[in-house]
Amino acid sequence: MKAVTIRRIFRAGLQDFWRNGFVSFASVLMMVFTLFIVGLALFSGVILSTALEEFRDKADMNIYFTTTAPESAILELQATLSALPEVESIDYTSREVALAEFRERHQNDQLTLQALEELGENPLGAVLNVKAREITQYDSIANFLQEEQEALVAGAEQIIEKINYYDEQHRQAIDRLVQITDSARLVGAAIIGLFVAITIAICFNTLRLAIYTSREEISVMRLVGATGGYIRAPFMVEGILYGLIAGAITLVLFYPLTWWLGDATVGFFGGVNVFYYYITNFPFFFLVIVGSGVALGAIASALAVRRYLKV
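Note that full-length UniProt numbering gives residue 68 to position 68 of the sequence shown, counting from 1, and the numbers run on in steps of one.
Structure, rendered in structure tokens:
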């Protein structure tokens, strides 16, 4: 197709867009609303997934030892636990490090520090922090410790003071968050589907009006022997133009919105700053938002042209 023909097609599509005025504006506005919901669904998915992952990462097991527990026995227990397939990692905190961390946490609490000095000795025991590969495996690790202590090291029952680990209550909280995430995705998909259908219907009717108002021009083009593709192309361009404009407006709207919400999402949703996420992943949002807009406009155009433009 010659360059001059392409220019004429795009010029005709742009003229049809401006000629329809208010109805073109209504189509773009509806498409902006739909694309905005698509963008919100993307942000919601990221925020919920990050919050869920952070919740899972916080699940761990702490094994607290008595102050008289030999370090060699603790390290032997650490080596035994590290060999378990359920264990992902183990961090050892010695009595000295535990005391230093305690002092740092209470550096502004003079009463606590004074009481610690009056004791004259370190009241804290060593700690093993255990991370399981799956959140459901902490029970089996705890059972292993409780049932096999004598087989692990001599006197293990005496050196372990207590075991504090991820329990059923935390698992239920994570399960609820998973259910909320899945439900949000289903509801979001249903809402997006509804507005996609409404948007296509509005664009379809707008293009039907454009075809009707251009009926005389179409008749003239038929008389002079214009091809069917040449006659259809401006209406396809018009529909795609709806999507391009709506996508650009949506991307612009997300900039101040994410900037305003950025600091708030850091505090409430696992450290995710939606503004930085939006800026960092802007090419992805551009492809999804603008691509969805172009696809909606193209589908509406194709349906309208096929239904009402017989060439």
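Here a beta-carbon is modelled for each residue, glycine too, at the ideal position from N, C-alpha and C. Computed from a predicted structure; not experimentally measured.
Taking a C-beta distance under 7 Å as the contact criterion, Ile249 and Ala298 do not qualify as a contact pair. Comparing alpha-carbon positions, the option among Ala126, Thr136, Thr265 and Trp259 lying closest to Gln172 turns out to be Thr136. In this structure, Tyr92 is the residue among Trp18, Tyr92 and Ala304 with its C-alpha nearest to the C-alpha of Met61.
Per the Cβ contact rule, the region 33–40 is in contact with the region 192–209 (3 or more Cβ pairs under 8 Å). Going by C-alpha positions, Ala73 is about 13 Å away from Gly125.
Under the DSSP assignment, Ala126 falls outside any alpha helix (DSSP H); it carries neither an H nor an E label. The Cβ neighbour count for Ile180, taken over all protein chains shown within 10 Å, is under 16; the residue is labelled exposed. Asp91 is bridged by DSSP to Asn129. Annotated as proximal: Gly293 and Met31, with beta-carbon spacing under 7 Å.
For Glu161, there is no enclosing alpha helix (DSSP H); the residue is part of the beta strand (DSSP E) that begins and ends at Ile160 to Tyr165.
Sorting Val237, Phe284 and Arg185 by C-alpha distance to the C-alpha of Ala210 places Val237 at the top. Bounds of the beta strand (DSSP E) holding Ile63 are Met61 to Phe65. The three-state secondary structure of Glu121, taken from DSSP, is coil. Between the region 254–261 and the region 269–284, the count of Cβ pairs shorter than 8 Å is three or higher; the stretches touch. Contact check for Phe204 against Leu303 passes: the beta carbons are separated by less than 7 Å.
When the Cα atoms are used, Asn129 and Leu116 turn out to be separated by approximately 24 Å. The beta carbon of Tyr278 sits closer than 7 Å to the beta carbons of Phe254, Thr258 and Phe285 from its chain, once the five residues preceding and following it are set aside; these are given in chain order.
Counting other Cβ atoms within 10 Å of its Cβ, Ser24 reaches 16 or more and is therefore classed as buried.
Annotation for Val288: no residue places its beta carbon closer than 6 Å to its own, counting only its chain and skipping 5 residues before and after. When DSSP states are grouped into helix, strand and coil, Leu84 belongs to the coil group.
Per the coordinates, the alpha-carbon of Phe282 lies some 34 Å from the alpha-carbon of Arg208. Membership of Glu53 in the alpha helix (DSSP H) is indicated by the continuous run Phe22 to Asp57. DSSP places Pro70 in the coil class of the three-state scheme, outside both helix and strand.
Around Thr67, the same chain offers Gly125 as residues with beta carbons nearer than 6 Å, after the five sequence neighbours per side are excluded. Straight across, the Cα-Cα distance linking Leu75 with Asp57 is about 24 Å. By the criterion of a C-beta distance shorter than 8 Å, Ala142 is surrounded in its chain by Met61, Ile163 and Tyr165, once the five residues flanking it on both sides are discounted. Residue nearest to Ala51 within the set Thr265, Ala300, Arg306 and Gly291 is Thr265 (criterion: CA-CA distance). Collapsing the DSSP output to three states places Glu76 in a helix.
CA-CA distance, Ala26 to Ile191, rounds to 19 Å. In this structure, the beta-carbon distance from Val290 to Phe235 does not fall below 7 Å.
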